[in-house]
């Protein structure tokens, strides 16, 4: 593909976007308004980074066929800033602008969730690991080093999405600030600075926050003028809590959980579908906006899966699959849950649901035998000598495995203690009798 063709394509795309009708997404005290008319968000969460690019269109169509009119999407900062100051928004499933354009082609709106911290069962919650080279850094607050990195991220990602806002003819309706911040901190200055950073970079659509429905979460995590997302919100008490906190903005269920995550060593999570249908029925009957988290999870490729650590001794790594027991399974096929939700949603919406897309054919791999090829120990890079072990981020390595090796001389005895590794560690001993 020649450079001249790429330039022509870029110009033509810009003209196409500019030719799209522009929209205003606003809100009253208790509902969202699209071009001045009430609009109920029925959203489904999809993560471009967890879905191979060639399957994006199929998954978006699956969401539409279930009754959704909106795609909610996390963006993981550390997936796009591949090295400090080096951003990739173009290759493979990192091309988030292409994903958003596909949503628009399928006549779907978009809720944009760029963090900077997102959680999402993703490595470091989406934050770039190079931040950890500063041992005393404080994240998710006004630490100068952290905020300089955030400002760089916001500037670069805004170049991708600013043209795709509904005010510019695109499908992006709202942008979420941070993620469940009320469960972490209470630095309002930080939240206001985030909002200002986005506005200074040409983001002019409304903002929302997302927090648990408890009063202390809402107190710490919400921001004046921003819609209130509830994780989850599925009954009168949840929405009354949000209204009590701020009666001047609408609240909605920003995360409704049709499934749940699974950690290594656990039985596969399979939440009850009866309670899910009850919650969805409540939201539809009360015309409350909501979004399924997740509608389709996909896969944690490579080393991207995150972990929970509720105490120094309770380390819970997430499995590679992000199937999530979601309505659309990891392979992209509809489940019983999908068809039950499709049937329920169809009874309440005023638009005809399209047919469910045909499944993408799967290949069959014949059995084969794995044979040893070489030894890892014979293919190590040159070692770096240090007096004490240092985190991999100090060596410019963001993920994967790192080997720490030392020699002990003379008679040794005792117990090896590793304090809070927050990771998976293998210990090897090699005895040498001299």
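In my numbering, the protein residues as written are 3 to 436.
By construction, the Cβ of each residue, glycine as well, lies at the ideal position given by its N, Cα and C atoms.
This structure is a prediction, so every number in the text was calculated from the model and none was measured.
Mapping DSSP to helix, strand and coil, what is residue i?
| i | result |
| --- | --- |
| residue 302 | coil |
| residue 47 | strand |
| residue 343 | helix |
| residue 124 | strand |
| residue 83 | strand |
| residue 159 | helix |
| residue 265 | strand |
| residue 11 | Note that residue 11 scores 48 on pLDDT, short of 50, meaning its location in the model is unreliable; the coordinates nonetheless yield the value given after this. If DSSP states are grouped into helix, strand and coil, residue 11 belongs with the helices. |
| residue 210 | strand |
| residue 185 | helix |
| residue 149 | helix |
| residue 22 | coil |
| residue 387 | coil |
| residue 55 | helix |
| residue 378 | helix |
| residue 431 | coil |
| residue 134 | helix |
| residue 397 | helix |
| residue 3 | Bear in mind that a pLDDT of 47 at residue 3, under 50, signals an unreliable position, so the number given afterwards is only what the model happens to contain. Coil, per DSSP. |
| residue 412 | coil |
| residue 368 | coil |
| residue 348 | helix |
| residue 216 | coil |
| residue 402 | coil |
Could you give the residue range of the alpha helix (DSSP H) that holds residue i?
| i | result |
| --- | --- |
| residue 105 | 98-107 |
| residue 115 | First-last for residue 115: 111-115, but that is the beta strand (DSSP E), not the alpha helix (DSSP H). |
| residue 241 | 238-247 |
| residue 276 | 275-287 |
| residue 201 | 190-202 |
Determine the closest residue to residue i out of the options, with distance taken between C-alpha atoms.
| i | options | result |
| --- | --- | --- |
| residue 199 | 246, 149, 243, 421 | 149 |
| residue 113 | 378, 46, 281 | 46 |
| residue 244 | 268, 260, 269, 214 | 214 |
| residue 202 | 164, 182, 231, 190 | 164 |
| residue 67 | 88, 109, 83 | 109 |
| residue 319 | 406, 98, 309, 304 | 309 |
| residue 382 | 406, 151, 360 | 406 |
| residue 288 | 255, 427, 171 | 255 |
| residue 272 | 262, 279, 280 | 262 |
| residue 247 | 257, 259, 231, 236 | 231 |
| residue 85 | 131, 355, 204 | 131 |
| residue 325 | 343, 346, 375, 259 | 259 |
| residue 385 | 369, 266, 404 | 404 |
| residue 252 | 64, 292, 141, 88 | 292 |
| residue 134 | 396, 283, 402, 285 | 396 |
| residue 296 | 388, 339, 99 | 339 |
| residue 235 | 270, 274, 290, 186 | 290 |
| residue 2 | 216, 176, 347 | Past the boundaries of the shown model lies residue 2; the chain is included only from 3 to 436, so the question cannot be answered. |
| residue 129 | 116, 137, 424 | 116 |
| residue 268 | 317, 144, 283, 304 | 317 |
| residue 54 | 424, 93, 24 | 93 |
| residue 401 | 432, 378, 387, 304 | 304 |
| residue 301 | 426, 48, 414 | 48 |
Along the chain, where does the beta strand (DSSP E) containing residue i start, and where does it finish?
| i | result |
| --- | --- |
| residue 226 | Residue 226 -> no beta strand (DSSP E), and no H or E assigned at all. |
| residue 67 | Per DSSP, residue 67 belongs to no beta strand (DSSP E); it is in the alpha helix (DSSP H), 58-68. |
| residue 75 | 72-76 |
| residue 316 | 316-319 |
| residue 178 | 174-178 |
In the DSSP output, which residue or residues are listed as bridge partners for residue i?
| i | result |
| --- | --- |
| residue 253 | 230 |
| residue 28 | 35 |
| residue 311 | 317 |
| residue 293 | 45 |
| residue 323 | 301 |
| residue 40 | 35 |
| residue 167 | 174 |
| residue 336 | 330 |
| residue 89 | 83 |
| residue 258 | 294 |
Can at least three beta-carbon pairs, one atom from the segment 194-213 and one from the segment 223-230, be found at a separation below 8 Å? yes
Does the segment 53-69 touch the segment 26-41, meaning 3 or more C-beta pairs lie closer than 8 Å? no
Touch check for the segment 100-109 and the segment 387-399: three-plus C-beta pairs under 8 Å? The segment 100-109 makes no contact with the segment 387-399, as fewer than three CB pairs between them are under 8 Å.
Check whether the segment 353-367 and the segment 321-340 touch, using three or more Cβ-Cβ pairs below 8 Å as the test. yes
Is the segment 73-89 touching the segment 122-140 in the sense that three or more CB pairs, one from each, lie closer than 8 Å? They touch, by the three-pair rule.
The segment 416-431 in contact with the segment 155-173 per 3-pair CB rule at 8 Å: Contact fails: fewer than three Cβ-Cβ distances are below 8 Å.
Would the segment 276-290 and the segment 343-359 be scored as touching if the rule is three or more Cβ pairs under 8 Å? yes
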